[in-house]
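For the protein sequence lines, the chains are A and B, in the order given.
Quick note: the first sequence, position 108, residue 122 per the numbering used here, numbers continuous.
Quick note: the second sequence, position 75, residue 89 per the numbering used here, numbers continuous.
As structure tokens, the structure follows; a few thoughts come after it.
Number of protein chains: 2
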Amino acid sequence: MDEVLDASEDFLTAQELHGVLKEKGHGVGLATVYRTLQGLADDGAVDVLRMGGGEAAYRRCSAETHHHHLVCRSCGAAIEVAGPAVERWTQRVADEYGYIDVAHTVEIFGTCPRCA
Amino acid sequence: MDEVLDASEDFLTAQELHGVLKEKGHGVGLATVYRTLQGLADDGAVDVLRMGGGEAAYRRCSAETHHHHLVCRSCGAAIEVAGPAVERWTQRVADEYGYIDVAHTVEIFGTCPRCA
DNA sequence: TTATCTGCAAACATTTTGCAGCGAG
DNA sequence: CTCGCTGCAAAATGTTTGCAGATAA
Numbered sequence: 015m016d017e018v019l020d021a022s023e024d025f026l027t028a029q030e031l032h033g034v035l036k037e038k039g040h041g042v043g044l045a046t047v048y049r050t051l052q053g054l055a056d057d058g059a060v061d062v063l064r065m066g067g068g069e070a071a072y073r074r075c076s077a078e079t080h081h082h083h084l085v086c087r088s089c090g091a092a093i094e095v096a097g098p099a100v101e102r103w104t105q106r107v108a109d110e111y112g113y114i115d116v117a118h119t120v121e122i123f124g125t126c127p128r129c130a
Numbered sequence: 015m016d017e018v019l020d021a022s023e024d025f026l027t028a029q030e031l032h033g034v035l036k037e038k039g040h041g042v043g044l045a046t047v048y049r050t051l052q053g054l055a056d057d058g059a060v061d062v063l064r065m066g067g068g069e070a071a072y073r074r075c076s077a078e079t080h081h082h083h084l085v086c087r088s089c090g091a092a093i094e095v096a097g098p099a100v101e102r103w104t105q106r107v108a109d110e111y112g113y114i115d116v117a118h119t120v121e122i123f124g125t126c127p128r129c130a
């Protein structure tokens, strides 16, 4: 299953991944896809993106460091972007209000040049 | 139902809101809660926050302008924060890669002083 | 009456879990 | 044999929808 994830530049939902695998002949079960993805996500091996309908999309990321994504809302293509300024800003805001153990989610959605 | 939303400083899920209303004696149906919240969200009258499990939390926000939230992951209390720098940063990143029609999600999660 | 709103229950979609079987070590 | 991984099917979760009755104009 990993090969498909590696080969894709885009975010894939569990169900899309399952569909791709079935097309390729693999008799893979949906449960296994979910289980594997959950494991990979726990290990930080893939990035998780929660879409509107409560479904999750996964993508194997090249960068090992913390980063965010510029995602095409039409085709799902994702560019990894680093934002040091944003990291500092979130930390500063949290400090200001005494919040600790801070995490943040930052995603940028748009329409990519090819889909425009 | 609006009164409960107005009175709450925290993000509430549809189910939490439904529970509060039932406790108060209102025989409100869960479906009505969802329908009302969806309407309010469409009108931009409430801010929507998508939590981990694919569930959505809602909050009536005072600020009319675009803003983000510093949310306590323990009690749900939310502080509205403006981040002009982040807005500029997202736009700049999107421009750089030719993405158009750009939107973004920025949420900061942490543990608030009272819950720490 | 006509249109809107409500509650209930059923439908839906996504994800998780229980369980039995299979294969590697 | 034992352990872990797999698939299937059932359950759990959160949300949406169809429908009939109540309410208001």
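Glycine included, every Cβ here is placed at the ideal spot set by N, Cα and C.
Against chain A, a Cβ distance below 9 Å from B/T125 picks out Y113, I114, D115 and V116.
For B/G39, there is no enclosing alpha helix (DSSP H), as DSSP marks it with neither H nor E. Around A/V18, no beta-carbon contact reaches into chain B at under 8 Å, the shortest distance being about 23 Å. Secondary structure at A/H80: coil, using DSSP grouped into helix, strand and coil. Note: B/T27 is bridge-paired with B/A71 in the DSSP secondary-structure output. When beta bridges are read from the DSSP output, B/D61 appears opposite B/R73. Sorting A/G97, A/W103, A/E30 and A/P127 by C-alpha distance to the C-alpha of A/L44 places A/E30 at the top. Here the C-alpha atom of A/L54 lies approximately 29 Å from the C-alpha atom of B/Y111.
The alpha carbon of A/W103 has as its nearest neighbour, out of B/D109, B/V95 and B/Q105, the alpha carbon of B/V95. Pairing A/C75 with A/D61 gives a Cβ-Cβ distance under 7 Å.
Counting the other Cβ atoms within 10 Å of the Cβ of B/R128 gives fewer than 16, which makes it exposed. Put simply, of A/M65, A/E23, A/A108 and A/H118 the residue whose alpha carbon is nearest the alpha carbon of A/H80 is A/H118. Contacts with chain A at 7 Å (Cβ-Cβ) do not include B/R128. A/E94 does not reach chain B, its nearest Cβ partner there being about 11 Å away, counting only Cβ pairs nearer than 7 Å.
Per DSSP, the continuous beta strand (DSSP E) segment holding A/G124 begins and ends at I114 to T125.
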